[in-house]
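Down below is the structure, laid out as structure tokens.
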Amino acid sequence: MSWWATRGRYGAGDGDRDGDRDRLPCRAGWPQPAGFGHGHPPPWCPHCVPLPCLPQGLFLRLFYPCLPRAGATEPLWIPRSEYCGGLADVTLGRRWCSALFSIAIGSCKVPVSWKGPFKPCSRGYPLIIFSHGLGALRTLYSSVCTELASWGFVVAALEHRDHSAATTYFCTAEAGTEEWIPFQRVPQGQKEFYFRNKQVHQRAQECVRALRLFQGIAGGRSVPNILHQDWDLSVLKDSLDLTKVAVMGHSFGGVTAVLALVKEPSFRCAVALDAWMFPLENVLYPEVPKPVLFINTEKFQTPESVAKMKRLSSRNSQTRIVTVLGTVHEDQSDFAFITGKLYSRIFGSRGTLDPHKALAITSRAALAFLQRHLKLEEEFGQWDELLEGVGDSVVPDVPFCRSKL
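Residue numbers are given in the UniProt record's numbering: position 282 of the sequence shown equals residue 282, and the series is strictly consecutive.
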């Protein structure tokens with residue numbers, strides 16, 4: 001396996017927390033690898049733990065810029081063995097294959113500094129709320145989240161509780177015991193659209209609740225019922241700029257990000273990675289008020305899905321659609337960095353584009369778009385051409401006839 005290395009100015013960290021109504025995840029941080037960045041430490045990411053109250057709680061991993069630290073601990077990529085069972089169920093339909101997943105990926109670690117010291121920022125870091133894809137979890141997009149954190153963003157990667165995660169859990173308010181929420185397929189006899197539409201609305205609402213959590217922290221409000229209270233969330237109080245907030249996601253998370261723009265005016269824009277547009281009802285397309293950057297892979301989108309994206313771009317001249325050539329759907333997750341026969345047996349063939357290059361294109365396009373619509377005073381405009389589909393391995397729109405994968 002060849003993990004990614006961040007290219008930004010800061011180091012990255014990560015951690016997990018889960019809790020009740022406002023319960024938050026823990027965090028971690030990691031020093032930037034040699035050979036990348038501009039002489040500044042790397043970012044860090046924290047994530048949340050199970051919440052006692054399922055409807056009100058939040059579960060997320062937080063990625064943030066951190067200070068360098070000797071002897072930093074790197075967290076496990078798959079945080080608990082139960083997630084291996086969930087992934088086995090989602091991908092193979094056989095939960096008993098969890099041991100195979102555990103052997104193959106159970107010892108992988110994320111190159112971040114766990115609970116790394118937060119790097120304060122007087123002008124405030126912009127915030128990104130990240131939504132995972134169908135059958136995923138809060139840690140499976142650590143590559144893109146740490147990359148964005150290394151460039152000076154705080155990224156909150158949610159783990160949704162709508163039965164779309166591989167599995168997740170919360171703590172009961174009474175006994176504090178864990179209750180697991182398994183992945184759920186469409187029930188027999190029920191139309192998929194109505195099932196997924198209900199889920200996407202819950203997911204978008206969780207994105208809004210995550211924003212409310214950070215707004216409360218920035219306002220000096222203490223967060224009750226936090227699991228693992230070993231990291232002081234108040235350090236974020238004067239280091240977030242909540243006038244500069246975006247929402248981002250992959251696949252099911254991509255359409256979640258689009259819907260979140262409708263539900264919350266504080267989200268200034270959305271970045272949708274290979275968005276699965278199917279679950280969004282047609283009546284809402286005219287209601288999407290802000291620009292969206294659609295970054296698609298070469299082997300996932302359908303003409304029907306792209307037509308829905310173009311409905312948005314026809315209504316907002318700032319919306320962009322680009323495709324990264326030589327990529328498949330899973331290449332926008334951390335699975336792109338897993339090598340070996342097991343991966344191909346489970347997920348099929350991978351893309352032909354080097355995953356490090358694919359990550360660079362995706363993150364740079366996102367950074368250019370975020371600078372433009374969050375009004376950032378950075379140098380991300382150097383990658384503006386990517387937003388027009390100009391550059392190596394990137395094209396505008398969706399070229400259905402060009403695939404050589």
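We treat Cβ as the ideally placed atom computed from N, Cα and C, and that holds for glycine.
Please read all numbers here as calculations on a predicted model, not as lab measurements.
Boundaries of the alpha helix (DSSP H) in which residue i is found, first to last residue
| i | result |
| --- | --- |
| residue 309 | 303-315 |
| residue 105 | 98-105 |
| residue 431 | With the chain represented from 1 up to 405, any question about residue 431 goes unanswered, as that position is not in the structure. |
| residue 147 | 142-150 |
| residue 82 | 81-92 |
| residue 278 | Premise fails: residue 278 is in no alpha helix (DSSP H) and is neither H nor E. |
Boundaries of the beta strand (DSSP E) in which residue i is found, first to last residue
| i | result |
| --- | --- |
| residue 125 | 125-131 |
| residue 269 | 267-273 |
| residue 293 | 292-297 |
| residue 338 | Looking at the DSSP string, residue 338 is not in any beta strand (DSSP E), and its letter there is neither H nor E. |
| residue 66 | 59-66 |
| residue 249 | 240-250 |
| residue 285 | Note, residue 285: premise wrong, no beta strand (DSSP E); not H, not E. |
| residue 396 | 394-396 |
| residue 156 | 154-158 |
| residue 320 | 320-324 |
CB contact flag (residue i, residue j, <9 Å)
| i | j | result |
| --- | --- | --- |
| residue 213 | residue 64 | no |
| residue 320 | residue 294 | yes |
| residue 247 | residue 261 | yes |
| residue 327 | residue 358 | yes |
| residue 59 | residue 161 | yes |
| residue 195 | residue 187 | yes |
| residue 173 | residue 86 | no |
| residue 147 | residue 363 | yes |
| residue 266 | residue 122 | no |
Sequence-distant residues of its chain with Cβ nearer than 8 Å to residue i (five each side left out)
| i | result |
| --- | --- |
| residue 409 | In this structure the chain extends from 1 to 405, so residue 409 is not present and cannot be described. |
| residue 244 | 124, 126, 127, 268, 374, 375, 376 |
| residue 395 | 322, 323, 325, 389, 402 |
Contacts around residue i, its chain only, beta-carbon distance under 6 Å, and the 5 residues preceding and following it disregarded
| i | result |
| --- | --- |
| residue 412 | The chain is shown only over 1 to 405; residue 412 falls outside these bounds and no answer can be derived. |
| residue 329 | 274, 297, 300 |
| residue 234 | none |
| residue 391 | 385 |
| residue 380 | 367, 368, 371 |
| residue 154 | 64, 125, 127 |
| residue 73 | 114 |
| residue 191 | none |
| residue 132 | 253 |
| residue 276 | 251, 252, 255 |
Residue i versus residue j - alpha carbon distance
| i | j | result |
| --- | --- | --- |
| residue 189 | residue 202 | 22 Å |
| residue 281 | residue 197 | 7 Å |
| residue 309 | residue 242 | 27 Å |
| residue 185 | residue 222 | 38 Å |
| residue 169 | residue 130 | 19 Å |
| residue 270 | residue 258 | 6 Å |
| residue 303 | residue 314 | 16 Å |
| residue 352 | residue 305 | 23 Å |
| residue 206 | residue 180 | 18 Å |
| residue 177 | residue 75 | 23 Å |
| residue 350 | residue 331 | 7 Å |
| residue 95 | residue 84 | 8 Å |
| residue 393 | residue 365 | 12 Å |
| residue 57 | residue 397 | 38 Å |
| residue 159 | residue 318 | 29 Å |
| residue 210 | residue 61 | 11 Å |
| residue 92 | residue 80 | 19 Å |
| residue 307 | residue 288 | 15 Å |
| residue 157 | residue 249 | 9 Å |
| residue 335 | residue 226 | 30 Å |
| residue 105 | residue 90 | 16 Å |
| residue 69 | residue 231 | 16 Å |
| residue 337 | residue 354 | 9 Å |
| residue 382 | residue 224 | 42 Å |
| residue 171 | residue 387 | 43 Å |
| residue 286 | residue 204 | 17 Å |
| residue 200 | residue 360 | 28 Å |
| residue 163 | residue 272 | 21 Å |
Cβ shell of residue i (< 7 Å), same chain only, five flanking positions each side left out
| i | result |
| --- | --- |
| residue 399 | 323 |
| residue 82 | 167, 180 |
| residue 208 | 260, 263, 264 |
| residue 410 | Only positions 1 to 405 of the chain appear in the structure, and residue 410 is not among them; the question remains open. |
Beta carbon proximity, residue i to chain C, threshold 9 Å
| i | result |
| --- | --- |
| residue 146 | This model lacks chain C altogether; it includes just one protein chain. |
For the segment 92-109 and the segment 218-227, state whether three or more C-beta atom pairs, one from each stretch, are separated by less than 8 Å.
With the rule of 3 Cβ pairs closer than 8 Å, the segment 92-109 does not count as touching the segment 218-227.
Counting beta carbon pairs with one atom in the segment 245-259 and one in the segment 126-145, are three or more of them shorter than 8 Å?
With a cut-off of 8 Å, the segment 245-259 and the segment 126-145 count as touching, because enough Cβ pairs lie within range.
Counting beta carbon pairs with one atom in the segment 105-116 and one in the segment 138-154, are three or more of them shorter than 8 Å?
Enough Cβ pairs lie closer than 8 Å, so yes.
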